[in-house]
Amino acid sequence: MLKTDISIEQIVKELVNFLSRYIKIERIILYGSYAYGIARGDSDFDIAVISEDFERMSILERIELFSKAIIGIDSRIEAKGFSKKEFLKPQESSFLAMIKNKGKIVY
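In terms of the working numbering, the sequence shown opens at residue 6 and continues consecutively.
As structure tokens, this is what we get:
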């Protein structure tokens, strides 16, 4: 069952509960409209998860893990996974650099 009214705190809590069974979470960053205070009713929850465990996972494996995680939490979650190495040295004008510079650490 998908929830329609959920807080960022609840999303983070439920993501951590699920993901921590599979990976060691180092950081969760909220970015996009919710982080910038301009969210609308139809806005999604843009979340980046940082874990050293993503180093050994392909992009497809990361997507599969997040797909399993958001089932039952909220279908508006748009989660992306990055390894610690990727996070520490993003390309200067990359999407990840924007997340790192403008995102809000929520875990």
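By construction, the Cβ of each residue, glycine as well, lies at the ideal position given by its N, Cα and C atoms.
Would you mind sorting residue i into buried or exposed? The rule is 16 or more other CB atoms within 10 Å of its CB.
{"i": "LEU65", "result": "exposed"}
{"i": "LEU93", "result": "exposed"}
{"i": "MET103", "result": "exposed"}
{"i": "PHE87", "result": "buried"}
{"i": "GLY108", "result": "buried"}
{"i": "ASN22", "result": "exposed"}
{"i": "TYR41", "result": "exposed"}
Shortest alpha-carbon distance to residue i belongs to which of the options?
{"i": "LEU70", "options": "ARG81, LEU20 and ILE11", "result": "LEU20"}
{"i": "SER12", "options": "ALA44, SER99, LYS85 and ILE55", "result": "ALA44"}
Using three-state DSSP, classify residue i as helix, strand or coil.
{"i": "ASP51", "result": "strand"}
{"i": "GLU75", "result": "At residue 75 the sequence reads Ile, which differs from the Glu that was named. The answer is helix: DSSP assigns ILE75 an H, G or I state."}
{"i": "ILE13", "result": "helix"}
{"i": "GLU91", "result": "helix"}
{"i": "LYS105", "result": "helix"}
{"i": "GLU19", "result": "helix"}
Is it true that the CB of residue j sits closer than 8 angstroms to the CB of residue i?
{"i": "PHE50", "j": "ILE16", "result": "yes"}
{"i": "ILE78", "j": "ILE52", "result": "no"}
{"i": "VAL111", "j": "LEU24", "result": "no"}
Say yes only if the C-beta of residue i is nearer than 7 angstroms to one or more non-hydrogen atoms of the ligand ATP, and no if none qualify.
{"i": "GLU91", "result": "In terms of ligand content, the structure shown is empty, and the ligand ATP therefore cannot be addressed."}
Jot down the residue ranges of each uninterrupted alpha helix (DSSP H) in the region 27-71, minimum 4 residues, whole runs only, in chain order.
38-41
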